[in-house]
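This report concerns only the one structure given below.
Numbering (my numbering), first residue to last: 35 to 1172.
Put into structure tokens, the structure is as follows:
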């Protein structure tokens, strides 16, 4: 009774857990419930297994992968507990093996099938008789086995690894155990009776060897991944340790892999594979059965970098080696009956259809077909023969010849794979290493169908094609069709009538109860006529609209809104208008109805409506949305609808493109633009995923004609430009596109449309200042933030008309100042000035240097541009203060020939006028500038231009003071030859500052001593100066020789009478100092003669001191004027206006 009560409790718990799992939405809890059910049934009450199998297995259709894996665990444990469960669940395993949604489920299914496959074979071996269900289950397991073996070509690495482990299980299960193998307490072919017809041991063993050959083939695949390669390597090593008869093939496969690593592996993967191979070889070396292959294994380990101590530690004990050696030296008949060489299997006669025709040993019957295992055996034998042949001939001389012959086929640089895998050979030259190289050469020769081993095989009458030598383990298909692996599991019986199998259905679906058919009104009713349907809908809508207050009082307001929204899917245009009028009557109170309506329409448009399968285009949703916002925008009491309008744009499921256009028009109205642009800003921040669809409309507003709207829109655009790199690219593309419009001959039609102005038909559109600025506003606003755009302006500037060029130059100041003089993009633009953009570059430099001295980098680039590419001196004007003195003086002749306004700007920059005195520095002082103007070669610049330039200097009285001019005159007097404009400058200086009379007299005296009459232009100025400075100049005139004085009187006759009166006032002692010829020239009489006085001369002013004795001029007799030493005076010059 107690046992029954416990059983009932377990059953009730299982029922409760399964029911709860069926209703749970939390997958973690669902898996926990299934594991609890498994624990209760398997370990506490296995009798309930048959009762609850269908209920648990039914969860294999769950959408969660972990739930399906839990079902697989239950199936595995159920089959382990009760073998009778295998036929019930094998169909379920077949379905789960084909799961296309989760790779994890497929891997877990392969693992479960491997365990169930062993359980089933053990069950069949122990059964007294094989039933039809057992036969069908074994057949289906065979099909799944072949499918799993084919998964070595699966796309997923994990699935391929699980397939390799499954193949390892098949080989170990379907082969006999061997003495000296790794002790593993597992079922194998030893436990399968020879009388089991559906799974004959001989054919199972043959299939295992074929599967092993497939593993060897997969192991040597050139495109295998590192994970699969290491898994396959581990499986082959385990098989060799458990079945020592496979050791030779495994070591050959490892040797081949070491020589030909897959080229797809990276350097780290190669290192991992080599390390794993080293570990597996050490494990094989420890096995006593590997004694015959010790030489090959040690050579491989040495190549892989294993030390001698590691190899020595892995060697089996010496006693084991001696025992193994004695065993190999004993004749076959002297060995123990238990040894593999003498053990003979008991022969059990089988059915007639399974008997094979006996063939003498060493020969193959004519036309017989070799199995893949036999092909591998003959191939390994051929490799051994060729290895012995090559080792005998592999001398140092032959090795050197082989290397020299192959040198011509080597690449110039070592391949990456070789560099990653090469390890220096520490045992090079030893006998074991020579044998290893011979083995590798033998494998390559045999693969190519060459060598004595291949010839010996052919001489024995064994038919091996070239394909057999190349493909390691692949069996050739007969008559052009590929044959599946020979196995009895396929259910095919040769020579007898195929027996019909029992159909196995998945558990949990075999006895599904029939559900009652639900009532569908569409199947038992007819649709109403169109007119009657419209009347019914109109009446229903009227009743719902009129029931607003009762619904609100009764607490059904939300239900009413939901009904109206669901009915809207079938509304006609008239009903839509009625619905809209109802909403606009109370926008605030019926806002929830608006959103219910919109969301219902949106659900219908995308096809997931709760009210039937209503599929409509998005046009209906778009129409309703635009109708709502348009109605709100045109209402006279718009302020009441501002909140609802904002909510519509921010809370609606989607804002269609037509609604954005409506909002753009709303924002273009001067009366409502503030709210419109505010909505744009909220849309951009509230719907970041749809920003790209709103930006084009905002960009059109940012380039519009209305300044207030444009400025506010520009602020939003600049915020977008800083927030996202993708949007920044979109904004910049739009700005550059509009900038390129300026390069067209006429404004594009789109630009004229944006300005909302029309051009009469037949009249050509022309660029105006306003149109040009519309193309520049956005670009100029972006320029300080993305300086690289400046290069686009230079390229477009070359293509524009003169009017557009002037517009560009006028609006350029603010963005260029924002970029600054240190901008690398601006410096690059100056350095790579496009042809035709010289005025633009000049304007840019002017803006940069207007109130700030130029930087060294800017000066260097302008200087380089002027010297190498552009010879226009106007480029130098902005950076004059950054040039050195000699460069400025060299450029002066070209500078003063420019427009007077430009020349004025040049002098202002050089003299620091209107400049900040704290930052001002000039290469020329005012004195040096005026002196440099006097020294300009007349051949480079005409005299009239030079005179105008000096006049500009004299006009700046705050710069050219009396002291400055005095220094200028003194420096000019020091020059030889004298400047042509010297006397003009002297006269102008004296006119400005009368106090310079003493300095001027000194200059005139020095000029008289320098024979000024020899320089024509200066001489003319000298006479003019004397005329203007009389009577102070009389003393200077009396110092002149007679011939120059006569020329003075010829030029200025009035000076003779004035000078005569001056001399007549001299005392007798003063007259004695005058030369006789000069006295005679002035007075007309010789010294000592009394003048004929008509009237008494005026008394001379009393002198405090007697006048100094006038120095006598040199070379008084010299009458001809010598030309000046400078060649400039020889050039024809216009008369100087003094």
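Idealized CB from N, CA, C, for every residue including glycine. Keep in mind it's a predicted model, so treat the numbers as computed, not measured.
A direct Cα-to-Cα measurement between residue 327 and residue 445 gives close to 35 angstroms. By the 16-neighbour rule on beta-carbons within 10 angstroms, residue 463 is exposed.
Taken in chain order, the complete alpha helix (DSSP H) segments of 4 or more residues contained in the segment 154-233 are 166-184 and 191-207.
Rounded to the nearest angstrom, the gap between the Cα atoms of residue 810 and residue 725 is 24 angstroms. Within the same chain, Cβ atoms closer than 6 angstroms to the Cβ of residue 1120 are found at 1114, the five residues on either side in sequence being excluded. A check of alpha carbon separations from residue 320 across 349, 342 and 298 identifies 349 as the nearest. In this model, residue 540 and residue 122 are separated by some 7 angstroms (Cα to Cα). Under a 10 Å Cβ-count criterion, residue 56 is classified as exposed, with fewer than 16 other Cβ atoms of the shown protein chains found around its own Cβ.
Counting along the chain, no alpha helix (DSSP H) covers residue 668, and no H or E run does either. Note on residue 162: under 16 other CB atoms within 10 angstroms of its CB, so exposed under the neighbour-count rule. Note on geometry: alpha-carbon atoms of residue 868 and residue 741 lie some 33 angstroms from one another. Under the criterion of beta carbons closer than 8 angstroms, residue 483 and residue 423 do not qualify as touching, at roughly 15 angstroms.
By the Cβ neighbour-count rule, residue 1067 is buried, with 16 or more other Cβ atoms within 10 Å of its own. Three or more beta-carbon pairs drawn from the segment 840-855 and the segment 875-889 are found closer than 8 angstroms, and the two stretches are therefore classed as touching.
Remark: C-beta atoms of residue 1012 and residue 1052 approach each other more closely than 7 angstroms. Sixteen is the threshold: when 16 or more other Cβ atoms of the shown chains lie within 10 Å of the Cβ of residue 68, as they do, the residue is buried. With respect to residue 258, residue 297 sits apart: the two C-beta atoms are not nearer than 7 angstroms. With the rule of 3 Cβ pairs closer than 8 angstroms, the segment 221-235 does not count as touching the segment 278-285.
Nearest neighbour of residue 1035 by Cα position, chosen from 665, 1064, 614 and 820, turns out to be 1064. Between the beta-carbon of residue 667 and that of residue 700 there is about 6 angstroms, and that keeps the pair under the 8 angstroms contact cut.
Around the beta carbon of residue 779, fewer than 16 other beta carbons sit within 10 angstroms, so the residue counts as exposed. Annotation for residue 946: no alpha helix (DSSP H) segment contains it, and DSSP assigns it neither H nor E. Burial is judged here by how many other beta carbons sit within 10 angstroms of a residue's own beta carbon; residue 939 has at least 16 and is buried. The three-state secondary structure of residue 767, taken from DSSP, is helix. With 16 or more other Cβ atoms inside 10 Å of its own Cβ, residue 480 counts as buried. For residue 1064, there is no enclosing alpha helix (DSSP H), as DSSP marks it with neither H nor E. Contact between the segment 711-729 and the segment 769-784 is absent: fewer than 3 CB-CB pairs across the two stretches fall below 8 angstroms.
For the pair residue 979 and residue 931, the CB atoms are nearer than the 7 angstroms cut-off. In the three-state reduction of the DSSP assignment, residue 278 falls in the helix class, which pools H, G and I. Take the alpha-carbon of residue 115 and the one of residue 170: they are about 20 angstroms apart.
Annotated three-state conformation of residue 1010 is coil, per DSSP. In summary, residue 176 is buried, with 16 or more beta-carbon neighbours lying within 10 Å of its beta-carbon over all protein chains present. Annotated three-state conformation of residue 993 is coil, per DSSP.
Annotated three-state conformation of residue 614 is helix, per DSSP.
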